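Numbering (the numbering used here), first residue to last: 11 to 261.
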């Protein structure tokens, strides 16, 4: 076989060519995976804390004020009077929004690069079961969860119809939750979203463990167990609340 325009320096070192197959990306893949791992774990901690706080739906009222409303007021007044009202809360929301943008951007960049590297050769049937399904549907579940987050913000944070009910009142967290979860289509939507969240979060935690370089056998086994326990706790807690309201167990 005749080689046209051979790279003599490369051949001298036992190589075909010193030329790069493709241009190096501006942001290396390992850095994007690290960003996704960190932002993903941030969301895991947030969803766990958010669920725990919302469980005050079941706590008794104090002087006629629902415990969930007191919790909402506490969040709005963090840092006061040193900081303006809701300053800390909005600062935290901005951090979450920035993390969400980075997470979504990283997901699409990695998927695009994987397709470019793989070309026309698709890998199929490498593994089966829930793990395989979660892996293949990470983008789909992620987009559905993003849609759910947008609806959730319009519904219970901003109070914008038609996502929110006509009875929405800013600051009355307990009443707003009862009103919105009394609508069975909304409750079903929340339950479906939580089931998909379990798949996405569980697989995401395991990916984050690898991307963060946690290679010890015992540590990996521990995080594999946590990758199922933490999402299960979050999902069960978030499903119980809307179902309780829908069936009239909480009012």
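Here a beta-carbon is modelled for each residue, glycine too, at the ideal position from N, C-alpha and C.
Here the structure is a predicted model, which is why all the values come from computation and not from measurement.
Under 8 Å between C-beta atoms of residue 220 and residue 237:
As a first step, residue 220 must be located in the chain shown, where it is residue number 210. As a first step, residue 237 must be located in the chain shown, where it is residue number 227. Not in contact: residue 220 and residue 237 (Cβ atoms no closer than 8 Å).
Helix, strand or coil for residue 210? Go by DSSP, reduced to three states.
Counted from its first residue, the chain shown places residue 210 at position 200. In this structure, residue 210 counts as helix in the three-state DSSP scheme.
Could you tell me whether the Cβ of residue 157 comes closer than 8 Å to any Cβ of chain C?
Included in the structure is just one protein chain, with no chain C present.
DSSP three-state call for residue 2: helix, strand or coil?
Any question about residue 2 goes unanswered here, given that the chain covers just 11 to 261.
Which one of 43, 39 and 115 has the shortest CA to CA distance from residue 217?
Within the chain shown, numbered from 1, the residue matching residue 217 stands at position 207. Measuring from the Cα of residue 217, the nearest candidate turns out to be 43.
N- and C-terminal bounds of the alpha helix (DSSP H) containing residue 263
Shown here, the chain extends from 11 to 261; a query on residue 263 therefore has no answer.
Under the three-state DSSP convention, the category residue 100 falls into:
For the purposes of this step, residue 100 is taken as residue 90 along the chain shown, with counting starting at 1. Helix.
Is it buried or exposed for residue 244, if we count other Cβ within 10 angstroms and need 16 for buried?
Position 234 of the chain shown holds residue 244. With 16 or more other Cβ atoms within 10 Å, it is buried.
Three or more beta-carbon pairs under 8 Å between the region 68–80 and the region 116–123, yes or no?
no
Buried or exposed (CB count within 10 angstroms, at least 16 for buried), residue 82:
By 1-based counting over the chain shown, the position of residue 82 is 72. It is buried - the Cβ of residue 82 has at least 16 other Cβ atoms within 10 Å.
Determine whether the beta carbon atoms of residue 252 and residue 191 lie at a separation below 8 Å.
As a working note, residue 252 is residue 242 in the chain shown. As a working note, residue 191 is residue 181 in the chain shown. In this structure, residue 191 lies closer than 8 Å to residue 252 by Cβ.
Counting Cβ pairs closer than 8 Å, one from the region 147–166 and one from the region 200–211, do we hit at least three?
yes
Whole-angstrom Cβ separation of residue 61 and residue 117, contact assumed at under 8 Å?
Walking along the chain shown from the start, residue 61 turns up at place 51. Walking along the chain shown from the start, residue 117 turns up at place 107. No, residue 61 and residue 117 are not in contact; Cβ-Cβ is about 23 Å, not under 8 Å.
Neighbour-count burial assignment, residue 203, 16 or more Cβ in a 10 Å radius:
For the purposes of this step, residue 203 is identified with residue 193 of the chain shown, where counting begins at 1. Under this definition residue 203 is a buried residue.
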